[in-house]
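Structure first, then comments.
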Amino acid sequence: MNIPKIGLGTWGMGGKYEKDPSNREESIRTLKAGLELGFRLIDTAELYGRGLSEEIVGKAIKNFKREDIFIISKVWKDNLEYGAVIKAAKNSLKRLGSGYIDLYLIHWSLENSLTKETPLSETMRALEYLVNMKLARYIGVSNAGVELLKEAQNNLSEAKLAANQIEYNLINHEANKEIIPYCKKNNIKIIAYRPLAKGKLANLEHEIIKSLAKKYKKTPIQIALNWIISKDIIPIPGVAKIEHLAENYGALGWKLEANDIELIDNLTY
Numbered sequence: 013m014n015i016p017k018i019g020l021g022t023w024g025m026g027g028k029y030e031k032d033p034s035n036r037e038e039s040i041r042t043l044k045a046g047l048e049l050g051f052r053l054i055d056t057a058e059l060y061g062r063g064l065s066e067e068i069v070g071k072a073i074k075n076f077k078r079e080d081i082f083i084i085s086k087v088w089k090d091n092l093e094y095g096a097v098i099k100a101a102k103n104s105l106k107r108l109g110s111g112y113i114d115l116y117l118i119h120w121s122l123e124n125s126l127t128k129e130t131p132l133s134e135t136m137r138a139l140e141y142l143v144n145m146k147l148a149r150y151i152g153v154s155n156a157g158v159e160l161l162k163e164a165q166n167n168l169s170e171a172k173l174a175a176n177q178i179e180y181n182l183i184n185h186e187a188n189k190e191i192i193p194y195c196k197k198n199n200i201k202i203i204a205y206r207p208l209a210k211g212k213l214a215n216l217e218h219e220i221i222k223s224l225a226k227k228y229k230k231t232p233i234q235i236a237l238n239w240i241i242s243k244d245i246i247p248i249p250g251v252a253k254i255e256h257l258a259e260n261y262g263a264l265g266w267k268l269e270a271n272d273i274e275l276i277d278n279l280t281y
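Mapping to the numbering used here: the sequence shown position 170 is 182, numbers consecutive.
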């Protein structure tokens with residue numbers, strides 16, 4: 013799977029758990045500006061703003077070549093039965109104005125919160141159908157531990173799990189223990205949501221981070237994002253404001269030295 017090294021997160025665009033069109037036009041402008049700057053990865057989900065986020069993404073990408081943009085979307089935990097997965101994906105495609113989703117993920121929990129638990133085999137069979145019908149290029153999971161990853165892959169006939177989206181940042185890097193080693197061994201790409209810990213890293217005061225920012229002539233945010241990129245992990249920072257775009261994009265095009273990566277690895281917050 014060829015995926016860009018950093019993405020644009022859309023949580024809050026068009027609302028969070030409920031639809032909120034108040035920032036619709038601003039969100040479209042922000043995503044367009046990001047694409048014009050050079051971003052080529054957008055992360056969204058049917059949950060975000062009850063689908064309005066996907067509509068916003070669809071509007072933003074309209075004048076760009078679809079094949080140049082990598083779109084991630086996700087099916088929510090209430091739609092994990094076979095038919096519901098396929099219906100949810102088709103609804104997402106309609107909102108996105110696209111014939112396919114590049115990477116389609118199970119969003120959170122592998123259980124149906126409205127009725128009885130849906131067998132994982134049923135959900136994975138539906139995801140594989142989407143790949144076979146070319147409605148999704150790749151499929152994966154979110155927030156999955158090693159046992160769940162194994163079970164998910166074992167329930168696929170031919171398709172492979174392409175990604176696991178997890179929380180990963182300077183504060184929360186528990187995944188280093190088991191999840192990341194397993195994913196690397198099995199060619200499952202790690203995608204990091206909350207790479208800036210929901211804004212908690214906006215004012216990094218740690219002396220090592222500040223000294224590295226000075227050394228590389230970068231901001232602390234760029235240091236934090238490049239640290240993730242250095243591990244072959246894809247960060248998806250949110251872009252609540254258009255002015256954040258250039259700073260986030262500035263995490264690309266340079267590399268932390270190995271000894272500096274190790275320094276950051278050993279930090280505790």
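Glycine included, C-beta positions come from ideal geometry on N, C-alpha and C.
Put simply, the region 77-96 touches the region 105-114. At least three CB pairs are less than 8 Å apart. Excluding its 5 nearest sequence neighbours in each direction, A138 has C-beta neighbours in its own chain below 7 Å: Y94, V97 and I98, listed in chain order. Between L257 and I18 the beta-carbon gap is near 11 Å, outside 8 Å, which marks them as no contact. An exposed status is given to Y29, since fewer than 16 other beta-carbon atoms sit within 10 Å of its beta-carbon.
Between the alpha carbons of D272 and P193 lies a distance of about 21 Å. Note that the C-beta distance between P16 and L64 is not below 8 Å. Fully enclosed alpha helix (DSSP H) runs of no fewer than 4 residues occupy 219-228, 232-241, 256-261 and 270-277 of the region 209-279, in order along the chain.
Looking at the backbone, the Cα of G21 and that of L43 are separated by about 9 Å. Closest in alpha carbon position to I220, among R52, S39 and L182, is L182. Nearest to N103 by alpha-carbon distance, out of K74, P131 and G70, is G70.
If you draw a straight line from the Cα of T135 to the Cα of A164, it comes to about 9 Å.
Using a 10 angstroms sphere on the CB of R36, the tally of other CB atoms reaches 16 or more, which defines it as buried. DSSP places E179 in the uninterrupted beta strand (DSSP E) bounded by L173 to E179. Around the beta carbon of K230, 16 or more other beta carbons lie within 10 angstroms, which makes this residue buried.
Between G27 and G50, the beta carbon gap of about 27 Å keeps them out of contact (Cβ cut-off 8 Å). DSSP places K146 in the coil class of the three-state scheme, outside both helix and strand. For I200, the three-state secondary structure derived from DSSP is coil. Straight through space, the alpha carbons of F76 and R41 are spaced by roughly 14 Å. DSSP places S110 outside both helix and strand once states are collapsed to three, so it counts as coil. Y205 is bridged by DSSP to E179 and I248. Take Y141, set aside five residues on each side of it, and the residues of its chain with a beta-carbon closer than 7 Å to its own are I98, in chain order.
By the neighbour-count definition (other C-beta atoms within 10 Å, threshold 16), G265 is an exposed residue. Between N155 and I178, the CB-CB gap stays under 8 Å.
Contact annotation, L117 with G152: C-beta distance approximately 5 Å; criterion of less than 8 Å satisfied.
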